[in-house]
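For the sequence shown, the numbering used here puts the final residue at 164, and the numbers step up evenly by one. All C-beta atoms in this analysis are idealised placements derived from N, C-alpha and C, irrespective of residue type, glycine included. Reviewing the structure listed below.
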Amino acid sequence: MYKQQLLQGLQREIFLLKQLAPLISEKDLDFRPAEKMRSTMELMQYLSGIGAVMLRWFIKNDLTPEEWVKIREYRKTLTRENFKERLDEQMEEMILFMNMISEEDLIKKEVETPWKEKMALGTAIINCPIKWLASYRMQLFTYLKMNGRPEISTKEAWQLQE
């Protein structure tokens, strides 16, 4: 049951990101609120894979320096047009990784975050992929608002629409 709830949390974040995707226009891509902050495009690149990458980090623990290079290069091929497709790919990967673990793993398996903090796998999934997808989704929403999109409301950020 816990595993299913975590998966639903991941799915919700991807769904909400896909709702925001059509609201991103060409003029938004280079928007950067301040120096040394990600642009909208860089934020989209990050969001298009960070959930799956972190699950891979925790579950397979096979990210070599060469794999990181491949991941970064693949992110660079992201476009506004393929953003939703990449989110779907990420969701498929996250389902694949979640299928590799058990309910017991979520509670008993200890993993280490990129900053060397140790915690139970289930806690790590909440603290990293789920929270990161939610926070950076809200950053994307805020960028759109800051870049002159007053018609976008919190409904687009939080409410599932069909």
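C-alpha of Gln161 to C-alpha of Arg139: approximately 13 Å in a straight line.
The beta-carbon separation of Glu28 and Arg88, rounded to 17 Å, does not stay under the 8 Å limit for a contact.
Distance between Ile73 and Lys120, taken at the CA atoms: about 24 Å. The segment 128-135 makes contact with the segment 37-56; the number of CB pairs closer than 8 Å reaches 3 or more. When the beta-carbon positions are compared, Met100 and Leu9 come within less than 8 Å of each other. DSSP places Lys72 in the uninterrupted alpha helix (DSSP H) bounded by 67-77. For Met3, no alpha helix (DSSP H) run applies, since DSSP gives it neither H nor E. A residue is called buried once 16 or more other Cβ atoms fall within 10 Å of its Cβ, and Val71, having fewer, is exposed. Between the C-alpha atoms of Gln7 and Glu114 there is a straight-line separation of about 22 Å. In the three-state scheme derived from DSSP, where H, G and I count as helix and E and B as strand, Glu112 is classed as strand.
According to the DSSP assignment, Ala54 belongs to the alpha helix (DSSP H) that extends over 52-61.
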